[in-house]
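Everything below concerns the one structure shown next.
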Amino acid sequence: MGLDIPLNYLREFPFDAIKLDRTFISGIAHVARDLSIVRSIVSLGKAFSLGIVAEGVENNEQFELLKI
Numbered sequence: 001m002g003l004d005i006p007l008n009y010l011r012e013f014p015f016d017a018i019k020l021d022r023t024f025i026s027g028i029a030h031v032a033r034d035l036s037i038v039r040s041i042v043s044l045g046k047a048f049s050l051g052i053v054a055e056g057v058e059n060n061e062q063f064e065l066l067k068i
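In terms of UniProt numbering, the sequence shown has 57 at position 57, counting the first letter as 1, and numbering is strictly consecutive.
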């Protein structure tokens, strides 16, 4: 399974924030791949001075893991 989303949309589509789905947030404390994906997206957002919205943060551990 793959997504055919051209990366040039990052340059051409005007957006000012990235929203992280709760399915990634729920797993960041115990699924290494979820944590890696989330940290990569947060880093990308910071590099482009975008806002980051994380849905479903339910505890302090998840909140702390989102800090980069």
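Positions of the beta carbon are idealized from the N, C-alpha and C atoms, including for glycine. These numbers were taken from a predicted model, which means no experiment stands behind them.
Are residue i and residue j touching if we call contact CB-CB under 7 Å?
i: Arg39; j: Ile18; result: no
i: Gln62; j: Ile37; result: no
i: Ile28; j: Asp34; result: yes
Mapping DSSP to helix, strand and coil, what is residue i?
i: Val53; result: strand
i: Leu7; result: coil
i: Ile37; result: helix
i: Gly27; result: coil
Does the beta-carbon of residue i have 16 or more other beta-carbons within 10 angstroms, so that it is buried, or is it exposed?
i: Leu7; result: exposed
i: Ala54; result: buried
Which two residues bound the contiguous beta strand (DSSP E) that contains residue i?
i: Ile18; result: Ala17 to Leu20
Mind checking which residues open and close the alpha helix (DSSP H) that includes residue i?
i: Glu58; result: Neither: Glu58 is in no alpha helix (DSSP H) and is coded neither H nor E.
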